[in-house]
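S.K.: In case it helps, the working numbering puts the sequence shown at residues 3 to 543.
Ideal Cβ positions, reconstructed from N, Cα and C, are used throughout, including at glycine.
It should be emphasised that the depicted structure is a prediction, and the values quoted were computed from it without experimental measurement.
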Amino acid sequence: MEIKPVTAKSIPVFLKWTVLVLLGIGILFRFSHLDRQVYWHDEVFTSLEATAHTGSELKEDLFIGKETVPSTLLAYQHIDPTRTLSQLIFGIGSEDPQHPPLFYLFMHFWMRAWGDSIWVTRSFAAVLSLLVFPAVYWLCWELFASPVVGWVAIALLAISPIHVVYAQEAREYSLLTALTLLSSAALLRAIRGDRWQNWALYGITLILSFYTAVFSALVAFGHGIYIICTQPTQIQSVEDGFQIQWQLTRRAIAFLLTGAIAVVAFTPWFYFLKTYSHVLNASAGWVAISLPFDTTVKLWMLNLIRVFWDADVNPLVADAPFNWFVVIPVVLLEMYAVYSFIQKAPKTSWLFVVTLLVGTSLPLIVPDILSGGQRSTVTRYFLPFLLGLQIAVAYLIAHLLVTTKRSYQAIGISLSAVLAIAGIVSCTLHSQSNTWWNKIMSYHHPEIAQILNTSNHPILMTDGYSYNPANLVSLSYLLNDTVTLLPMVEVGIFLNVPTIADRSQPIFLLNLPDYFRREFLAKYGGQFQPVVGELWVWQRS
Numbered sequence: 003m004e005i006k007p008v009t010a011k012s013i014p015v016f017l018k019w020t021v022l023v024l025l026g027i028g029i030l031f032r033f034s035h036l037d038r039q040v041y042w043h044d045e046v047f048t049s050l051e052a053t054a055h056t057g058s059e060l061k062e063d064l065f066i067g068k069e070t071v072p073s074t075l076l077a078y079q080h081i082d083p084t085r086t087l088s089q090l091i092f093g094i095g096s097e098d099p100q101h102p103p104l105f106y107l108f109m110h111f112w113m114r115a116w117g118d119s120i121w122v123t124r125s126f127a128a129v130l131s132l133l134v135f136p137a138v139y140w141l142c143w144e145l146f147a148s149p150v151v152g153w154v155a156i157a158l159l160a161i162s163p164i165h166v167v168y169a170q171e172a173r174e175y176s177l178l179t180a181l182t183l184l185s186s187a188a189l190l191r192a193i194r195g196d197r198w199q200n201w202a203l204y205g206i207t208l209i210l211s212f213y214t215a216v217f218s219a220l221v222a223f224g225h226g227i228y229i230i231c232t233q234p235t236q237i238q239s240v241e242d243g244f245q246i247q248w249q250l251t252r253r254a255i256a257f258l259l260t261g262a263i264a265v266v267a268f269t270p271w272f273y274f275l276k277t278y279s280h281v282l283n284a285s286a287g288w289v290a291i292s293l294p295f296d297t298t299v300k301l302w303m304l305n306l307i308r309v310f311w312d313a314d315v316n317p318l319v320a321d322a323p324f325n326w327f328v329v330i331p332v333v334l335l336e337m338y339a340v341y342s343f344i345q346k347a348p349k350t351s352w353l354f355v356v357t358l359l360v361g362t363s364l365p366l367i368v369p370d371i372l373s374g375g376q377r378s379t380v381t382r383y384f385l386p387f388l389l390g391l392q393i394a395v396a397y398l399i400a401h402l403l404v405t406t407k408r409s410y411q412a413i414g415i416s417l418s419a420v421l422a423i424a425g426i427v428s429c430t431l432h433s434q435s436n437t438w439w440n441k442i443m444s445y446h447h448p449e450i451a452q453i454l455n456t457s458n459h460p461i462l463m464t465d466g467y468s469y470n471p472a473n474l475v476s477l478s479y480l481l482n483d484t485v486t487l488l489p490m491v492e493v494g495i496f497l498n499v500p501t502i503a504d505r506s507q508p509i510f511l512l513n514l515p516d517y518f519r520r521e522f523l524a525k526y527g528g529q530f531q532p533v534v535g536e537l538w539v540w541q542r543s
């Protein structure tokens with residue numbers, strides 16, 4: 003299929019109205035049913051940190067082996083006027099240094115202004131997600147100097163399931179998505195304009211990105227690869243073969259200087275990363291745990307298709323069948339879009355997108371292959387990579403829609419319709435669900451809450467191990483105060499079966515190990531049966 007480069011300076015009327023309709027639908031999905039889905043473990047930490055509370059404080063106060071009620075745990079999710087911003091920053095830095103404080107500072111002021119309900123905290127991420135639309139248009143303009151690709155890209159991002167999912171999660175990823183696009187566009191503007199004001203703008207977007215997520219450094223790494231690849235080179239013959247020499251141009255010097263300033267500006271957070279490196283290693287150690295190869299491959303494929311189709315499939319949290327008949331066509335489309343993009347787009351344009359793809363993916367994939375781990379399966383780490391794919395697909399569709407050949411236009415319209423339907427159906431499924439694949443360890447909470455709320459004054463026991471404290475807070479959002487909670491000291495440190503006054507009460511255990519169940523049964527008798535999954539919740543009978 004021969005397709006000429008996109009050069010149209012005006013937007014076809016049908017395309018403009020289609021994009022506006024899809025944009026409206028996408029905005030509606032971002033703000034609809036914001037409080038329907040479970041407020042999961044990581045979002046609990048968002049509220050905990052944005053209100054200047056800490057996880058250790060939660061454990062020290064409540065995980066002491068005394069009975070309490072769900073509303074007591076939820077008190078740590080609310081704004082406390084006596085807490086200071088320094089407590090917020092040092093709390094995050096000492097307990098969660100992998101997450102820089104910018105988003106949480108913004109969230110703090112948002113909650114002070116509007117409240118601390120689930121709807122309010124998630125609405126902040128939803129509002130930030132709207133920045134991606136002008137940002138992706140600006141990036142496409144810098145890449146192609148034509149509005150058509152930008153309008154198509156806006157439509158794709160508006161109804162993209164992955165972007166709607168993260169727009170409705172009270173975490174920093176919608177802000178990071180917007181900053182990835184803005185920093186990329188700012189770099190291209192700086193290269194083209196070569197004025198200090200443009201480089202200053204790029205430096206500001208870099209600093210904001212670094213203070214939003216540590217792994218945003220991968221985007222800067224991709225930008226660096228692009229700068230290297232576009233430098234003038236000389237190939238000289240030497241005795242043993244050939245030698246490539248790069249010329250250090252003004253552009254490269256400006257990039258290095260801007261990057262150095264951004265790194266220096268991020269130095270205060272390096273203090274926390276270094277001082278509390280043991281906390282960082284403990285909290286992020288799970289990424290070094292290898293998954294079965296078939297699970298890894300499935301997660302790779304799911305990450306690739308979630309930009310266009312999402313039916314809540316995740317081998318880690320659900321037993322839903324894996325549909326290769328959906329995966330293969332989408333992956334083939336993305337591969338062809340990248341191939342066509344490289345063939346037809348100007349070299350400086352496709353090289354920028356390809357270096358973004360390579361720079362943000364290989365640093366995750368290579369360590370997993372060489373030393374094991376699951377970095378390359380984590381969807382949120384791949385958001386910059388997925389943006390590159392969507393720009394390539396947008397470029398392909400724009401080519402098809404503006405060509406003078408009716409057959410190509412028909413293909414473009416058909417492809418656009420299929421992707422639009424897939425995105426709308428996916429977002430509809432997401433909006434009607436009370437849980438989703440991104441909830442991970444809190445995925446089963448609606449099911450657990452229903453069982454507990456319909457039991458006769460049950461007791462739920464768990465301990466302070468790992469993610470249990472925040473997970474219990476997450477579950478507390480769904481529980482009635484008729485449910486008694488018994489948070490204990492981590493049983494791996496202090497094994498003590500608490501005294502239960504009324505042994506006739508239904509007793510449930512949340513994520514407690516086999517040896518605790520054995521000690522409990524030795525003291526009280528009976529037996530435990532799993533009621534949700536094989537690890538999550540057990541009930542004594």
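Leaving out five residues on either side along the sequence, give the residues of the same chain with a beta carbon under 7 Å from the beta carbon of residue 390.
M.R.: As a working note, residue 390 is residue 388 in the sequence shown. Within the same chain, residue 390 has close Cβ partners 355, 358 and 359.
S.K.: Ignoring anything shorter than 3 residues, give me the beta strand (DSSP E) runs that lie fully in the segment 125 to 186, in order along the chain.
M.R.: Complete beta strand (DSSP E) runs here, min 3: none at all.
S.K.: Should residue 264 be listed as close to the ligand NAD, given that the test is whether its C-beta is under 6 Å from any heavy atom?
M.R.: Annotation note on the ligand NAD: not contained in the displayed structure, which lists no ligands.
S.K.: Identify which residue in 80, 207, 378 and 331 has its Cα closest to the Cα of residue 222.
M.R.: Sequence index remark: in the sequence shown, residue 222 carries index 220 (1-based). When only C-alpha atoms are compared, the closest one is 207.
S.K.: Closest by CA to residue 140, which one among 446, 180 and 170?
M.R.: Position 138 of the sequence shown, counted from the first residue, corresponds to residue 140. Checking every option, the nearest Cα to that of residue 140 belongs to 180.
S.K.: Let me confirm a value: residue 370 is counted as buried when at least 16 other C-beta atoms fall within 10 Å, else exposed. Which label applies?
M.R.: As a working mapping, residue 370 is identified with position 368 in the sequence shown. Looking at its Cβ environment, which holds 16 or more other Cβ atoms inside 10 Å, residue 370 is buried.
S.K.: Inspect the CB distances between the segment 450 to 460 and the segment 13 to 23 and report whether three or more fall short of 8 Å.
M.R.: Touching, no, given that fewer than three Cβ pairs across the two stretches are closer than 8 Å.
S.K.: From this set, 26, 422, 40 and 472, which residue's C-alpha is nearest residue 448's C-alpha?
M.R.: As a first step, residue 448 must be located in the sequence shown, where it is residue number 446. Considering only alpha carbons, the answer is 40.
S.K.: By the 10 Å Cβ neighbour count, where 16 or more other Cβ atoms means buried, how is residue 529 classified, buried or exposed?
M.R.: For this step, residue 529 is matched to residue 527 along the sequence shown. Its Cβ having fewer than 16 others within 10 Å, residue 529 is exposed.
S.K.: Taking buried to mean at least 16 other C-beta atoms within 10 Å of its own C-beta, is residue 326 buried or exposed?
M.R.: Position 324 of the sequence shown holds residue 326. That one is exposed.
S.K.: Report the residue ranges of all alpha helix (DSSP H) runs contained in full by the segment 251 to 312; include only those spanning at least 4 residues, in chain order.
M.R.: Those alpha helix (DSSP H) runs which fall completely within the segment 251 to 312 and span 4+ residues are 252 to 267, 269 to 277, 279 to 285 and 295 to 307.
S.K.: Count the C-beta pairs between the segment 383 to 400 and the segment 151 to 158 that are closer than 8 Å, then say yes if the count reaches three, no if not.
M.R.: Judged by Cβ distances under 8 Å, the segment 383 to 400 makes contact with the segment 151 to 158, as three or more pairs qualify.
S.K.: Just to confirm the assignment: which complete alpha helix (DSSP H) runs, minimum length 4, are found wholly within the segment 433 to 518?
M.R.: Those alpha helix (DSSP H) runs which fall completely within the segment 433 to 518 and span 4+ residues are 447 to 455 and 470 to 478.
S.K.: Would you tell me roughly how many angstroms separate the C-alpha atoms of residue 277 and residue 131, rounded to the nearest one?
M.R.: Position 275 of the sequence shown, counting from 1, holds the residue named residue 277. Position 129 of the sequence shown, counting from 1, holds the residue named residue 131. C-alpha separation (whole angstroms): 33 Å.
S.K.: Are there three or more Cβ pairs, one per stretch, closer than 8 Å when the segment 199 to 219 is compared with the segment 250 to 264?
M.R.: With the cut-off at 8 Å, the segment 199 to 219 and the segment 250 to 264 touch.
S.K.: Measuring only the C-alpha atoms, how far is residue 533 from residue 516?
M.R.: Stepping through the sequence shown from its first residue, residue 533 is reached at position 531. Stepping through the sequence shown from its first residue, residue 516 is reached at position 514. Looking at the two C-alpha atoms, the distance is approximately 15 Å.
S.K.: Report the residue ranges of all alpha helix (DSSP H) runs contained in full by the segment 7 to 59; include only those spanning at least 4 residues, in chain order.
M.R.: List check, alpha helix (DSSP H) in window: 15 to 33 and 43 to 52.
S.K.: For residue 460, tell me which candidate among 61, 347, 510 and 85 has the shortest Cα-Cα distance.
M.R.: In the sequence shown, residue 460 corresponds to position 458, counting from 1. Ranking 61, 347, 510 and 85 by Cα distance to residue 460 puts 510 first.
S.K.: How is the alpha helix (DSSP H) around residue 530 delimited, first residue to last?
M.R.: Counted from its first residue, the sequence shown places residue 530 at position 528. Unbroken run through residue 530 is the beta strand (DSSP E), 530 to 534; no alpha helix (DSSP H).
S.K.: What span of residues does the beta strand (DSSP E) with residue 540 cover, start to end?
M.R.: The residue labelled residue 540 in the question sits at position 538 within the sequence shown. 539 to 542 is the extent of the beta strand (DSSP E) around residue 540.
S.K.: Measuring straight from C-alpha to C-alpha, what distance separates residue 137 and residue 76?
M.R.: By one-based count along the sequence shown, residue 137 stands at place 135. By one-based count along the sequence shown, residue 76 stands at place 74. Each residue's alpha carbon lies about 36 Å from the other.
S.K.: Confirm, please, whether the CB-CB distance from residue 44 to residue 173 is below 7 Å.
M.R.: Sequence index remark: in the sequence shown, residue 173 carries index 171 (1-based). Sequence index remark: in the sequence shown, residue 44 carries index 42 (1-based). Going by C-beta atoms, residue 173 is nearer than 7 Å to residue 44.
S.K.: Output needed for residue 62: all residues of its chain with C-beta closer than 7 Å, excluding positions within five of it in sequence on either side, in chain order.
M.R.: As a working note, residue 62 is residue 60 in the sequence shown. Same-chain partners within the cutoff: there are none.
S.K.: Between which two residues does the alpha helix (DSSP H) harbouring residue 350 extend?
M.R.: Here the question's residue 350 lines up with position 348 in the sequence shown. Segment 349 to 373, the alpha helix (DSSP H) holding residue 350.
S.K.: Look at residue 289 and residue 382 and say whether their C-beta atoms are less than 7 Å apart.
M.R.: Taking the first residue of the sequence shown as 1, we reach residue 289 at position 287. Taking the first residue of the sequence shown as 1, we reach residue 382 at position 380. In this structure, residue 382 does not lie closer than 7 Å to residue 289 by Cβ.
S.K.: Could you pull the DSSP bridge partners for residue 70 from this structure?
M.R.: As a position in the sequence shown, residue 70 is number 68, starting the count at 1. According to DSSP, residue 70 bridges with 487.
S.K.: Considering only C-alpha positions, which residue in the set 286, 186 and 191 is nearest to residue 218?
M.R.: Translated into the one-based positions of the sequence shown, residue 218 becomes position 216. Closest by alpha carbon: 186.
S.K.: Quick check: the Cα distance between residue 270 and residue 103, rounded to an integer number of angstroms?
M.R.: Within the sequence shown, numbered from 1, the residue matching residue 270 stands at position 268. Within the sequence shown, numbered from 1, the residue matching residue 103 stands at position 101. So the two alpha carbons sit approximately 11 Å from each other.
S.K.: Would you tell me roughly how many angstroms separate the C-alpha atoms of residue 541 and residue 485, rounded to the nearest one?
M.R.: As a working note, residue 541 is residue 539 in the sequence shown. As a working note, residue 485 is residue 483 in the sequence shown. Spanning the two alpha carbons is a distance of roughly 14 Å.
S.K.: Look at the Cβ atom of residue 148, then the Cβ atom of residue 312, and state whether they are nearer than 7 Å.
M.R.: Against the sequence shown, residue 148 aligns to sequence position 146. Against the sequence shown, residue 312 aligns to sequence position 310. Cβ atoms of residue 148 and residue 312: not closer than 7 Å.
S.K.: Going straight from the alpha carbon of residue 306 to that of residue 121, what length do you get?
M.R.: Residue mapping note: residue 306 aligns to position 304 of the sequence shown, counting from 1. Residue mapping note: residue 121 aligns to position 119 of the sequence shown, counting from 1. When rounded, the distance between both Cα atoms is 29 Å.
S.K.: Look up residue 3 in the DSSP assignment and say whether it is helix, strand or coil.
M.R.: If you number the sequence shown from 1, residue 3 lands on position 1. Note on residue 3: pLDDT 37, under 50, position unreliable in the model; the coordinate value appears next. It is coil, neither helix nor strand.
S.K.: Per the contact definition of three or more C-beta pairs closer than 8 Å, is the segment 79 to 91 in contact with the segment 496 to 511?
M.R.: Short answer: they don't touch.
S.K.: Who are the near neighbours of residue 365 in its chain, counting only those whose CB is closer than 8 Å to its CB and skipping five residues on each side?
M.R.: As a working note, residue 365 is residue 363 in the sequence shown. Cβ neighbours of residue 365 beyond the five flanking positions: 220 and 223.
S.K.: Answer yes if the segment 67 to 83 comes into contact with the segment 470 to 486, meaning at least three C-beta pairs across the two stretches below 8 Å, and no otherwise.
M.R.: Touching, per the Cβ criterion.
S.K.: With DSSP as the reference, label residue 225 as helix, strand or coil.
M.R.: As a position in the sequence shown, residue 225 is number 223, starting the count at 1. Looking at residue 225 - three-state DSSP - the assignment turns out to be helix.
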